[in-house]
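Trainee: Under this note's numbering, think of the first position of the sequence shown as 4, with each following residue one higher. All residues carry an ideal CB built from backbone N, CA and C; glycine is no exception. A quick note: this is a predicted structure, and the numbers were derived from the prediction, not measured.
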Amino acid sequence: MASPKFHNSFRQYHRWIGFFLAGIMAVYALSGVLLIFRTTDFLKYENTYERQLESGLSGQGLGEQLRIKGFAVVEENSEKVMFRQGEYNKQNGEVVYTLKDYPAPLAKMVKLHKATTNSPLFFVNIAFGVALLFFVISAFLMFIPKALPYKNGLKIAGVGFVFMVLMVLFGS
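#1: How is the beta strand (DSSP E) around M85 delimited, first residue to last?
#2: Quickly, what does DSSP pair L102 with across the bridge? List them, please.
#3: Check this for me: beta carbons of F138 and H17, under 8 Å apart or not?
#4: Nearest to V99 by alpha carbon, out of G89, P148, I20, N80?
#5: In this structure, does DSSP put Q63 in helix, strand or coil?
#6: Looking only at its chain, what residues have a beta carbon closer than 6 Å to the beta carbon of Y52, apart from the 5 residues adjacent to it on each side?
#7: Using 8 Å as the threshold, is the region 20–27 in touch with the region 143–156, meaning 3 or more CB pairs across them?
#8: Could you pull the DSSP bridge partners for E57 from this structure?
#9: For V84, is the classification buried or exposed, using 16 other Cβ atoms within 10 angstroms of its Cβ as the cut-off for buried?
#10: Ordered along the chain, which non-local residues of its own chain (more than five positions away) have a Cβ less than 8 Å from that of Y153?
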């Protein structure tokens, strides 16, 4: 059995790391809630873009050049290609389109939350995940195993684990 000094040390680490990560968790929480509404226009605004591309592109070639999510040609004739977000003039290569996106600070938060291995931010996500795992483990090391809070904590954690497994299995 570990000494009370060991458990008190983990309480101290848990407390200080928790204070540090409180700000990080606030940003992740806000961006996570924001991502729930990503398929809607909630907090998004329209940006209109004008670009000069090579002339004579087909609808498929235009889609490959623009790389717009959800790109679909609505109508195409000898002069223009109309797509959901705008239109392209085949004669002069001018394309005008409108996209909806978050304001810059919110867009950065979403980018942080969705970082992949192609982004330098993925190290932050890995460090945050490891820190959360530390909290899971240290929460149980803050109490002496024979103490009632420890035993109750195990029960509550078990209920939380089962709840989340059920949510993942049947909630999606």
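Mentor: On the basis of the data shown:
#1: Run containing M85: 83–86, per the beta strand (DSSP E) assignment.
#2: DSSP lists N50 as partners of L102.
#3: With respect to H17, F138 sits close: the two C-beta atoms are nearer than 8 Å.
#4: Measuring from the Cα of V99, the nearest candidate turns out to be G89.
#5: The DSSP-derived three-state label of Q63 is helix.
#6: The answer, listed in chain order, is Y100.
#7: No, because fewer than three Cβ pairs between the region 20–27 and the region 143–156 fall closer than 8 Å, the two stretches do not touch.
#8: Its beta-bridge partners do not exist; DSSP assigns none.
#9: Classification for V84: buried.
#10: Its chain contains F143, F146, I147 as the residues whose beta carbon lies nearer than 8 Å to that of Y153, once the 5 sequence neighbours on both sides are disregarded; these appear in chain order.
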